[in-house]
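Participant:
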Amino acid sequence: MSASLTPSRMSAQGYKNRAPFFVVCEAGTEYKSVLAPAFWAHVAASLRPYDRIEVVSEDGAFYAELLVRSVRTASLDVVELRHVKLDGKVDIDLSRDSKYRYQYRGPHSSHCVIRLSDNEVVAENLPSKDAAVKWIDSQERAEAA
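Using the UniProt record's numbering, you'd call the opening residue of the sequence shown number 1 and step up by one each time.
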């Protein structure tokens, strides 16, 4: 075995191997479920050993980096490279009485409006926090009329 690395064993990222995958889990997903082989059942065929996966939860509860160890038909084994438990606080207080609240729910749902009475998302994928606040103002004016 050679004591030094040969050029054929090195390549630019994305040449022989792919860039990391990015996953946004639904709000409420527990981190331990991401480590379970069955969690990956619907996407296992898209991955191969040594692929890296960045995972964030939509509600801001965690961030993780995983490495694929093995792939089977409907599951994969991953190993945790990094896991950071976050506080999950992605809400922004509007500092006023309202029936709604703003929440940034990650890149998948983006800027959202949540109805406080039942915690239901009533508007999502708004372009900005300002757009969400305007949506709330407009909705509350319409309800008051």
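For each residue, glycine too, the CB sits at the ideal point set by N, CA and C.
Could you spell out the range, first to last residue, of the alpha helix (DSSP H) harbouring residue 123?
Facilitator: Here residue 123 belongs to no alpha helix (DSSP H); instead the beta strand (DSSP E) covers 120 to 126.
Participant: In terms of alpha-carbon separation, which member of 57, 102, 32, 131 lies closest to residue 116?
Facilitator: 102
Participant: Would you say residue 101 lies against chain D (beta-carbon separation less than 8 Å)?
Facilitator: The structure shown contains no chain D, having only a single protein chain.
Participant: What does residue 99 pair with, by DSSP beta-bridge criteria?
Facilitator: Residue 99 is not bridged to any residue.
Participant: Quick check: the Cα distance between residue 29 and residue 139, rounded to an integer number of angstroms?
Facilitator: 30 Å
Participant: Since residue 66 contacts residue 50 with CB under 8 Å, what's their CB separation in whole angstroms?
Facilitator: Wrong, their Cβ atoms sit about 11 Å apart, outside the cutoff.
Participant: Whole angstroms are fine: how far does the CA of residue 75 sit from the CA of residue 143?
Facilitator: 48 Å
Participant: Does the beta-carbon of residue 58 have 16 or more other beta-carbons within 10 angstroms, so that it is buried, or is it exposed?
Facilitator: buried
Participant: At the level of alpha carbons, what is the spacing between residue 104 and residue 77?
Facilitator: Whole-angstrom Cα-Cα distance: 31 Å.
Participant: Between which residues of its own chain and residue 126 is the CB-CB distance below 8 Å, once the five residues before and five after are set aside?
Facilitator: 110, 111, 112, 113, 132, 135
Participant: Taking buried to mean at least 16 other C-beta atoms within 10 Å of its own C-beta, is residue 43 buried or exposed?
Facilitator: Of the other Cβ atoms in all chains shown, fewer than 16 fall within 10 Å of the Cβ of residue 43; this residue is therefore exposed.
Participant: Check residue 92 in the structure and name its three-state DSSP category.
Facilitator: Interpretation of residue 92 is limited by its pLDDT of 47, a score under 50 that renders its predicted location unreliable; the figure taken from the coordinates is listed afterwards. Looking at residue 92 - three-state DSSP - the assignment turns out to be strand.
Participant: On a Cα-Cα basis, can you pick out the residue from 145, 47, 100, 107 that is closest to residue 123?
Facilitator: 100
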